[in-house]
Each structure stands twice: as structure tokens, then as C-alpha cells.
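Student:
2 protein chains.
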Amino acid sequence: MLVSIRRVLIGRPIATARAVQERLDKWMALPIFASDAVSSTAYATEEILIALLLAGTAALSASLPIALGIVFLLVVVTFSYQQTVLAYPSGGGAYLVAKENLGIRWATIAGAALLIGYVVTVSVSVAAGVAAITSAFAALRPYAVSLGVLFILLLMLANLRGLREAGFAFALPSYSFMLAMFLTIGWGLARLVIGGAPPAPAPTAASEVSVTGLVWVFFLLRAYASGCTALTGVEAISNGVQAFKPPEGPNAAITMRWMGAIMAAIFLGVTYLAHAYHILPDAGAGGHGAGETVISKIAETVWGGRGVPYYFVQGTTMLILILAANTSFAGFPRLAAILAQDRFLPRQFWNVGDRLVYSNGIVALAVLSSLLLVVFQGNVHGMLPFYAVGVFLSFTISQAGMVRRWHRLRTPGWRRSATINGVGMTTTFVVMAILAVTRFMPPDSNVLFHLPFTLPGLGDTVRSGAWLVVLAIAGLQLLFARINRHYVAVASQLTLIGYQPPPAPKNTVIVLVPSVNRGTVPALQYAKSLGQDTRALHIEMDPETTPRLLREWEAFSQGIPLLVLESPYRSLIDPLFRYLDEVQTEREHIVTVILPEFVPSRWWHVLLHNQSGWLLKLALLGRKDVIVTNMRYHLKE
Amino acid sequence: MLVSIRRVLIGRPIATARAVQERLDKWMALPIFASDAVSSTAYATEEILIALLLAGTAALSASLPIALGIVFLLVVVTFSYQQTVLAYPSGGGAYLVAKENLGIRWATIAGAALLIGYVVTVSVSVAAGVAAITSAFAALRPYAVSLGVLFILLLMLANLRGLREAGFAFALPSYSFMLAMFLTIGWGLARLVIGGAPPAPAPTAASEVSVTGLVWVFFLLRAYASGCTALTGVEAISNGVQAFKPPEGPNAAITMRWMGAIMAAIFLGVTYLAHAYHILPDAGAGGHGAGETVISKIAETVWGGRGVPYYFVQGTTMLILILAANTSFAGFPRLAAILAQDRFLPRQFWNVGDRLVYSNGIVALAVLSSLLLVVFQGNVHGMLPFYAVGVFLSFTISQAGMVRRWHRLRTPGWRRSATINGVGMTTTFVVMAILAVTRFMPPDSNVLFHLPFTLPGLGDTVRSGAWLVVLAIAGLQLLFARINRHYVAVASQLTLIGYQPPPAPKNTVIVLVPSVNRGTVPALQYAKSLGQDTRALHIEMDPETTPRLLREWEAFSQGIPLLVLESPYRSLIDPLFRYLDEVQTEREHIVTVILPEFVPSRWWHVLLHNQSGWLLKLALLGRKDVIVTNMRYHLKE
């Protein structure tokens, strides 16, 4: 029955030979791999505004130059990664690039950062997707976390079914979101041209920029760093080049450029509209006590209320965010499989499931991201700093690897390529530094930065800082090292190099005979047929039954000598082990213990028989050089 | 560690040879086997009063003649059972007597009634013991049920340790209770003689006897039946004759007479004092909303308040009641063992534990009685009708068996003996009939007896009637029958009578080889040494690794041919089963499947390896004529 439930949910097995057919063309790969990056535009603008709002509403006008700075970063990273994709057509994730060019140390650091990034991507995207729903339907807010977990489970199922079928379901919503955003931005701009900008709200004391000088610079940097969450997901394509139809590299590179252009346009458009229409962010949208998202406010303003266009924007935003999580469901299992192959993660992650997907990785990701979602109670703003540092760390390592590669290979045009990647590396490193400095601790802890003021209202919505990621990456390094050490130790103990098989050890066959019956006689025949030194052993639980046993033995012994062991304390295991000690005096002397047991025809009959067979087996499992053989006699009724 | 906790709680194992030493002399047997019967006096008087109170306070004066009637019954039953004990010195419980004289049908009915009786005895006694505490300390009433369960668990532990040690702890409290009751009764009578009887309360309208004629007879019978709970436990000695020192029969008979006399004295004394001092029962003593017990009220009145004597009475009452439950802890496992030996209960009840006790029976009793206690929320009055019918049913069957026996054997003096047992049988049958008629349904349900009035206040304290026991006994009959059928079927399938061992079947040895390494080579050597038709099987999960496997095979094959099976859907089980189908075309063709597996040195290492070995084993377990042999290779690190 379990098997048939599984079939309905996950589908029939797919043959190994069909593996190569499960590839994607550009138009199908774009919605799958770009959904993460593009969907970041749904919350990146909001992050900038929240960071700036701390300095007063007037500070919000800094959002436009900050957005331009982030788009510049996006262009640099896109160009930089395009080279990676072309250089590594079989998949050029940060882990592989670092491993080939910088050594395994940096590779595992990048790997750890990426794994964490994938998990957080799922949690953040799903939480933001739920926020899009709860912005439109406030009544659903109490169920935000449960809804999120439900979506994660649905994603898991979809991915366990296999990539192609999932891909098809993903194309439409991603393209619909792009359409919705372009229409909203276009109509928003058109209204500005036709009707002019709406008047700015009258400045109040509270709206004044309250900080100046270096603190103002710190605020700007912090807002910039917050907005950089827009870039999360850009690397997705480089990890998944293998999934593209051949020629993988060029196809992936072109898709990457499309994606960068679409992202930049939407991000700039949304940020401009938020500025032009004087949109203020609510604290902590996405959590249980969530307010309305910036996108929701923009859509409501541009389309003049909550009509069909508004719900179209909210719906497609929700869909692309939920589906953005799918990027991780493609990336995480793939990376985990590579790490497992390199002996840094349990090898189960390397197993390919029924449907040609890395099932264990998919399930692990679903469990971890659900956990994170529950712990953070779906608060997007709270989760974002949790992984920004990790993402930029992997960006930097990946590009540093590329720079090293060009210097090593010196292929034609390597200087130009090295320069591009060098600029990418430097830029992402600087951003990472800014992130680390400005978001290392949650602002409400104020441990590192004794800000000259308290943070009104927003403090409690930010639960953790980037320090957690640093700790997690360090922890994963330790775990990787221990797992690796174990696999290396196992391999060295199993290797055939320099192995001379020892002479075949002596084998004594012992049949345990609790009583003589039609079930034990076949066991005796079997033991006899093995042609070894064979003995039968009866452990005497009830001395009164022994004479009868001996009588029956004479008739059915099959020529095997019987030994009766006393057991004054009615224990099976103690006398047996003492006897085994006597037999196994030599090193490497094998004993085969044959346990006859009968198998009842109905499950509840098991309750009517002693379970001593199981206990014996369990006890014998721990003993070296003992081989346990079960002789099962199936009862008919 | 589990073993050492067990040692501390239950003690070191006791050798089988010590079995005969664990017998009891009369002075030790009396407190153990009489505690149940004697302790019934702690609630029997109360039951009579509660039943009479329904007809008004004036009806309470009927309690004395009713008590005399019950003592007459006690004398009859004691004499009757004394003959059983003498006739069956190796243990003459109702089950054995009925089996020998009336056939197995009546024996299993008696057995079922007795098993239920033992369970209810534990629940009732413990609940009444707790009521003695909560009468003295009202603050403990909310914890009544938890206290009861705790006492049951302590009893279980004491009994798992073995009878003798437990016996010693039981003698003192039982004798103390008898002392306390005799002192109280003596002092109570003395005060009546010296100071005269206290004046009766002025009669009110409510105190009038409100029923007349046949209904009044019904009330008297009902009160009589309720008081018969005093007799529960009288049969305990007959079930446990084996536990007496030789000569078992006479020793048990003498102990029985002592017990009867002590019970009669205490029961009459208590009932007389309750009458003379005008004690009224509270509704539902022993439950959560419990009031004070009659014994507590008598002690308080007689000793003039709550001084040391009062607490001595309550304390010893509590102790003997808690320890009365111990009778069942001696009887239930013994009866369950006999029923298991006769194949009516799972044979695990026949196992003798480490400490020479039937451990499984002890644990089963503790679990069942705790459950009952919790379901009834410790309400003594509610539980009593639940088993009175069962107890008297087993009395009747037992004595009927004795009558049959005398008529069969016709030993000297058989007519006198048959008459005694005949009177016993008739009397207990009549009482059972009265019980069945008056307490078949709970009075508050009023389904059978449309009483001409409602039951003020007491209705809700009575939850069930004797019908539940009838149902339970019938259910147990069914269970016994099914279990018996299974054991008989198994025995007939295993019997050696008329058995000709078939010719030794053909055996093919198949070694599963996932890869060639230092762990698989010993498995190949082992397979080779069995000297049978031996093959190696590789199920191809990843075709890319096959060439390497074939190269390594050449060097380490041990001369065994290797077969590579394709598995297009990456399943281990499907190709293996298909291959086994091919091999096992003949009937009775055995296949030995050797599974090499390596055993990690640390438990968490298991998480780092595929669990496919376990899955295979599980799948192969269900297949006929397949013998699974595990070749375990122990890793050192």
C-alpha cells in the first residue's frame, strides 16, 4: 500500500537510460533558474527602504542612487559569472571552481556557504510569497507559517517527481510575474507622465534625516548591503549548467544575460515607483504580525485600488516566490551529491532515486527550510541578513578561483577575462565586507555599534545577524572534516591495493536446537550439507524436557553430535557465549550459528511465541567472526 | 546500563535449583494470602450501608442481620474450600478443579472469571487503600489516582524481585491491621458497655424507610449481595497451595480456617460498631471527589478524635489494602502460567524469569489493573459490582467440580464431603443469582429495573454493572479458543509423529557483490568453503563502475563465477527476485544468499552508509526457501 501511495505522489520509476533526455532549453531554463534571482526584486527594494527609514523618511530619497549601485554590482557579477559558465560547461558552481583552482579548503567553505544559502533561499522565498498573499488577504495572516510549510512540502513532492514535469509548471508563473511587473511599471510611469508626480507628504519633525556625517555614511552602506539581497540567486545558473541542453555553456551564458537584464529593469522600476509614489515600508512584512509589502502598496497605488490588476500582481508575485524556492530544490541536491561524491557528506546524497533525482537531498532541504521558517515564524526581514554574507562569500571565492584559473591556463584573451573576474571578485568582496560590518549583529543588540539612538519599532523584528552564518559555516567545516576522515578510513581498510587474501579460516557450524520438530530437521539437514565441522547445541532451560529431547535426537540427528548445555539461570545467551569462547580459541576461527525458527502465517501469531530468536540474533550481531544463519520454517496456518 | 538498572530494581538472577526453597510456612502464608480476604472488611460494611441508605437511614438497622448472613456464607465457603485444598495439595484453583471434574469448557470459564477477578482485586484494593489515606489527609484527594498507580508499580517491582523477600515485608502490616481492628472493636465495645450506646439521631421524614413489600426485599437482597464483596479473596489460598511448605494441603487448610475466623470477627465487629455508633456512609469514598470511609469514621468516633490510635487504624488499613493487591500478584501470574501451559494464553506467561517468578504475568497484571484504576478514577464503589459476579461464578464452578469429584472417586467419607461442597455450591450459586439480578445494570441506568424512585446523589458514582463482566468472560472464551487453535495447529505442523525427513534439498549459494573489497573477499572465501553450487551476483546500479569491478574480480574471484544483472530502474530487489525465480524453478530448491556488509566502529557512522543491506534482508525474509547469511566485516575505525 505504501508503494502505491508513493506511486501516486511521485510517479513511476524512470530508467537510468533516460537521464540525458531530462535537459532544458533556454526558454524553460530561464523561468526555473531565474525565478530565484528575479523574485528577489519582490523584497530587495523594501529592504533598502526599511534600512533608510531608520534615518527618517527624508532619507528614503537615497534609494534611487543605492538601487543604481546595486544594478552596477549586478552587471559586474553577471559578466563575471558568464565567464564561469562558459569555462565550466559541465557545471561551474563556486564549489567546483574553488576546488579546481584554490584547493579543497576554500571549496568546502564555498560549499558550506552555498548549502546554507539554498536552505535560506527556500525559507525566505516561501515566506515572502506568503507575505504577498497575506498582504492581499489579511485574514490569512495567522496561518502564514503553516501555509509556508505546506508550500515547501508541495515543492518537495514536485521535485521528487522529477525536473521536467516540474519545469513545465514553472514557466508560466515566472513569465506571468515578469509581465505583471513590466505592466505595473509601465502603467506607473505612464501615469506619472500623464498626471504628474503626486505631491510629497508635508515634512514633519520625525521625517527629518536624523543622522549626519560618518553615521549617515554607515546608514547608506547598510541600506546598500540590505539591497544586495537582490543578487541572491544570480549564481543559480552556474551551478546548474548540466541541466541545459547542449551546448550547455553558451546556452547558460545567454540565459544569464537575459536574466540580468530582466532583474535590473524590474528592480530599478520598482524602486523608482516606490520613490515617485512616496511608498513607506511596514515593519516586518511576512511575519505573523505582518503588514503589507511594498510591492502590494505600489500595485494598489498604480492600479488605483484592489482590482483585477492588483490581484494579478500579488498572485504572480506569490507564485514566482514560491517557485523561486525551486531553484534551491534543483541546486541543493546537486551540490550535496557532489559533496557526497567527494566524501564530505553522507553518501546517501549521491543516490539517484526512482525518478532520476537526488531524492535524499530534496527531502533534507525541505526539512531544514521548514525548520528555519518555523523558527523565524516566517519573518522575511529577520531571515535576510542570515544568509547575505554567505552568498557573497561564495561569490568572492568563486571569482577568486576564476582569476587564478586564467593566470594558470593563460588561454587566448586570458588577461581580459582575468580582469573581468578580478573586478567581480573585488566588488563582491567589498560588498561582503560591508555586509559583515553593518549587519554582523542584529541592530537591536547594539553590541558592536553603539549607535547614538535607539531603533524605533523595528528592533524586535530583526532577530539575528550575519554572525550566525559564520558560526554555521565553521560548524559545517568541522562536520565535513569528520565525515571525510571516516570515509577515507573506511576506504583504506577496504582497499585491495597490497591486499593478500588470508588463508580461508576454519569454520565450525553450530545448530541451536531448542527442541526437535519438523522445523529443526531441515536445519540439521542444511547444516550437514555444508560439509564442515558441525555440532548441535541444546541449551537446557527446563531439565525435565531433556530426556525426551535425547530420545527424539536419536531418530533425527542426521549424524550430528548433540551437546546439552546447562543454564542454571535460564539464560540462553550466557551459556552460548561461553561455549563460543571455548570453540573460538584460535584467531580468525569462524563460527556459523544456525538458528531454526518458524514463521507464523498471521502477524498476530508472533505475539504467541517467544522472541528469544530475535534476542539471540541481536546479541550475536556484536560478536566478531560469528555468522548468523536463519533457517525459517514457514507455517501454513 | 539497562542491565544494571534492572539488577538494582529486581536483584540478581536466582538459580532454577533454588525453586523448592522459596516456600512459605503458615505464619508467613497467612498475611500474604489472607490480606485480600481480610482487607475486604475495610469496605464490605460500607457497601451494605450504602445499599441500605437508598431506602432511608432507618433501613440501616438491617445491616446486622445481613452481616450475620454473610458470615454464614463465609463459614460455608471456608469449609467447602478447605476440602478443595486438602484434595488438591499441588494447587486447587477453580480452573484446575473444573478441568479435572467438569471438563475444559467450564475450566476456561472459571479461569476467565478468576483472571478478571485478580485484576479488579488489585484496582479495588489499591483504590480503597488510597481512600484510607485520603480519609485521613483530605489534601491528598486530588492525587488519589496517581498514588494508586504508583502503589501498583511498587507492588510489581516487589513481586518481580521474588516471593520470599516480598513475603517478609507483608507479614508485619497484615498482622498490624488485625491488631488495630481488634483493639478498635474491643475499645468500641468496652465504651458501649461503660458509657452506654450514644443516642440515635432524631428520626426525620427523610430517614423513614421509603419502600415496602417486594421492593424492600429487593433492597435487602441488594444490600446482601453488596456485602458479599467481603468474601472476595477467600479462594486465594486454594490457588496457591503450591506456595506452602509441605505438607501443603493440611497447612493450607489450617491457614484457611484461621483466616475465616479472623475475617468473621472483624467484619461482624465493624458492622456492629457502625450500627451502634450510628455511622452513615459518604457517597463514593475512594474516588476523586471522595468522602471519608466508614472505617475512618468508626475509628475517629471510638478513639475520640484523630489521635495516634486513629492514624494507626488508617495506616494499617492502607497497608493491608495495598498489600492485599499482592494476593493477585501471586495468583494471577500462576493462573496465567497454567493457562499458558494448557495453550489458552501466550506461552510467554509460562516463562520463569530471572528471579524464579512469572515475570510476564506480573507485568501484565500491573498494566491491566493500572488501566482499570485510571478508567474508574479510583472509585471503589463503582468497581465492586464489576467483579462480584465473576468471583461467585468461579466459587460455584469450583464447588460443582468438587461435588462431581466425590461422586466419581467415592473415597471414604465421600458423602459427607459431597454434602459440604454441595451446600457450598448451592449457596454461592444463589448469591451469584442475587448479584446478577440486583446488580446486573448500574442502578442509574434503570434499564432492567424501573425503580419507583430516583437514586439521590449516588447514581453517578456507579458507572457499570455486572453485565460488563459477563461480556468480558465471553470475550476471554473467544480469545482462549483462538489461541488454543493456533497452538494446536503449530504442534500438528511440527510433530515428529509419522514424519519422514524429505531428501536434503538442492542448495545454491549466491554471494551479493556490490563491490570488490577487503570485506567481500572473506565472504567469497566463506561461500567457496560451503562446497555447494556457488555464484556471485552484482546488481548494476551504476553501469560506469562495472568495468572496474570486472577487472578486480579477475584477481579476487576465488574461482566463483560472477553474474552482472542490469537494473534499469536502480532497484536492488527487483532484479534479485527475478533471478531467484529463475534459479528456484524446482520445488524445495533452497538458495543461500550471502550478504557481505561492513560494521562501522561508531554508531553514528551508520548514518554515513547506505542501508540497502537491511532493506534486502527485510525483503528476503518473506521469501520461502531462501536462507539469508550475513557476513559482517568489522571496521577498526
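Quick mapping for you: the protein sequence lines, in order, are chains H and R. Following the working numbering, the numbering of the first sequence begins with 1 at its first residue and continues without gaps. Following the working numbering, the numbering of the second sequence begins with 1001 at its first residue and continues without gaps. Glycine residues also receive a C-beta, built at the ideal position from the N, C-alpha and C atoms.
(1) Let me make sure I understand the geometry here. Which of R:1328, R:1396, R:1276, R:1140 has the alpha-carbon closest to that of residue 1424 of chain R?
(2) Just to confirm, are residue 1226 of chain R and residue 1037 of chain R a CB contact at a threshold of 7 Å?
(3) Looking at the C-beta of residue 492 of chain H, does it have a partner C-beta in chain R at a distance below 7 Å?
(4) With a Cβ-Cβ cutoff of 7 Å, do residue 1260 of chain R and residue 1074 of chain R count as a contact?
(5) Residue 554 of chain H to residue 612 of chain H, Cα distance in whole Å?
(6) Under 9 Å Cβ-Cβ, which residues of chain H neighbour residue 1630 of chain R?
(7) Is the segment 357 to 372 of chain H in contact with the segment 332 to 343 of chain H, if contact means three or more CB pairs nearer than 8 Å?
(8) Who are the near neighbours of residue 428 of chain H in its chain, counting only those whose CB is closer than 6 Å to its CB and skipping five residues on each side?
(9) Sort out for me which residues DSSP pairs residue 511 of chain H with in a bridge.
(10) Using CA atoms only, rank isn't needed, just tell me which of H:234, H:47, H:12, H:182 is closest to residue 84 of chain H.
(11) Assuming the contact rule is C-beta atoms closer than 8 Å, residue 1473 of chain R and residue 1116 of chain R should be a hit. Round their C-beta distance to whole Å, please.
(12) By the DSSP assignment, the alpha helix (DSSP H) with residue 1263 of chain R in it spans what residues?
(13) From the beta carbon of residue 564 of chain H, is the nearest beta carbon of chain R less than 7 Å away?
(14) Distance check for residue 1118 of chain R and residue 1024 of chain R, CA to CA, integer angstroms please.
(15) Taking only three categories from DSSP, how would you classify residue 1212 of chain R?
(16) Quick check: is the beta carbon of residue 1637 of chain R nearer than 7 Å to any beta carbon in chain H?
(17) Using 7 Å as the threshold, is the C-beta distance between residue 588 of chain H and residue 505 of chain H below it?
(18) Compare the C-beta of residue 1346 of chain R against all C-beta atoms of chain H and say whether one is closer than 7 Å.
(19) Would you say residue 608 of chain H faces chain R, with C-beta separation under 7 Å as the test?
(20) At a Cβ threshold of 7 Å, is residue 1569 of chain R touching chain H?
(21) Our contact map puts residue 55 of chain H next to residue 219 of chain H with C-beta atoms below 8 Å; I'd like the distance itself, whole angstroms only.
(22) Where residue 326 of chain H and residue 155 of chain H are concerned, what is the direct C-alpha to C-alpha distance, given to the nearest angstrom?
(23) Between which two residues does the beta strand (DSSP E) harbouring residue 355 of chain H extend?
(24) Name, in chain order, the residues that DSSP records as bridge partners for residue 302 of chain H.
(25) Roughly how many angstroms lie between the CA atoms of residue 1526 of chain R and residue 1630 of chain R, to the nearest whole one?
(26) How many Å lie between residue 1092 of chain R and residue 1171 of chain R at the Cα?
(27) Taking Cβ-Cβ distances shorter than 8 Å, what residues in chain R pair up with residue 341 of chain H?
(28) Is there a Cβ from chain H that is less than 7 Å from the Cβ of residue 1435 of chain R?
(29) Please list, in chain order, all residues of the same chain as residue 994 of chain R whose beta carbon is under 8 Å from its beta carbon, the five residues on each side excluded.
(30) Is there contact between the segment 474 to 490 of chain H and the segment 515 to 535 of chain H, where contact requires at least three CB pairs shorter than 8 Å?
(31) Report the three-state DSSP secondary structure of residue 1484 of chain R (helix, strand or coil).
(32) Count the C-beta pairs between the segment 613 to 621 of chain H and the segment 562 to 574 of chain H that are closer than 8 Å, then say yes if the count reaches three, no if not.
(33) Can you name the residues of chain R whose CB is closer than 9 Å to the CB of residue 517 of chain H?
(34) Going by other Cβ atoms of all chains shown within 10 Å of its Cβ, with 16 needed for buried, is residue 4 of chain H buried or exposed?
(35) Could you check whether residue 625 of chain H and residue 594 of chain H sit closer than 7 Å to each other, using their CB atoms as the reference points?
(36) Just verifying my parser: in three-state terms, what is the DSSP assignment at residue 1101 of chain R?
Tutor: Inspection of the coordinates gives the following:
(1) R:1396
(2) no
(3) no
(4) yes
(5) 26 Å
(6) 621, 627, 628, 629
(7) yes
(8) 392, 395, 396
(9) H:536, H:594
(10) H:234
(11) 7 Å
(12) 1248 to 1276
(13) no
(14) 21 Å
(15) coil
(16) yes
(17) yes
(18) yes
(19) yes
(20) yes
(21) 5 Å
(22) 7 Å
(23) Per DSSP, residue 355 of chain H belongs to no beta strand (DSSP E) and is neither H nor E.
(24) BP columns for residue 302 of chain H are empty, so no partner.
(25) 11 Å
(26) 24 Å
(27) The contacting residues do not exist; residue 341 of chain H stays about 11 Å from chain R at best.
(28) no
(29) For chain R, the structure presents residues 1001 to 1637; residue 994 of chain R sits outside this window and is missing.
(30) no
(31) helix
(32) yes
(33) 1491, 1493, 1494, 1495, 1496, 1499
(34) exposed
(35) no
(36) helix
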